[in-house]
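The structure under discussion appears below in the form of structure tokens.
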Amino acid sequence: MRKKLIAVNKLCLGVPEGECLGLLGVNGAGKSTTFKMLTGDTNVTAGDAFLNGFSIRRDLQKVQQYIGYCPQFDALYEELTAKEHLILYSRFRGIPLKEEDKVIEW
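Counted the way my numbering counts, the sequence shown spans residues 1179 to 1284.
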């Protein structure tokens, strides 16, 4: 039987508006898992996190509107143009198609 691993336990932090947050720690400390939970890339099995009052469990799309995330791996695809990347990520962010061109050309 495999022992249940708790990757993140009782993490509490606050980041003032307009500030940038980075987590430092040893391998296996839960840094990547924390960010994956905040961005919706992995399921949260217990507890909750809030960003600007929105729950990552109930309001993930609203939470994602307030997050800028740079993962460890290259998040760009060689086969896509810059504009195609902007289209792709605008769709990830839930920007309505009718507003997509306005946002991309900004």
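All C-beta atoms in this analysis are idealised placements derived from N, C-alpha and C, irrespective of residue type, glycine included. Computed from a predicted structure; not experimentally measured.
If you look at residue 1239, you'll find it in the alpha helix (DSSP H) that goes 1238-1242. At a Cβ-Cβ threshold of 8 angstroms, residue 1227 and residue 1215 count as neighbours. At a Cβ-Cβ threshold of 8 angstroms, residue 1266 and residue 1258 count as neighbours.
DSSP lists 1228 as the bridge partner or partners of residue 1233. A Cβ-Cβ contact shorter than 8 angstroms links residue 1211 with residue 1220. Counted as a single uninterrupted DSSP element, the alpha helix (DSSP H) harbouring residue 1267 occupies residues 1260-1270. Residue 1281 counts as exposed, since fewer than 16 other beta carbons sit within 10 angstroms of its beta carbon. Across the structure, residue 1189 and residue 1208 are spaced so that their CA atoms are roughly 10 angstroms apart. Taking C-alpha positions only, residue 1185 is separated from residue 1205 by approximately 11 angstroms. When the five nearest sequence neighbours on each side are left out, the beta carbons in the same chain lying within less than 6 angstroms of the beta carbon of residue 1247 are those of 1217, in order along the chain. Judged by DSSP secondary structure, residue 1213 falls within the alpha helix (DSSP H) whose first and last residues are 1209-1217.
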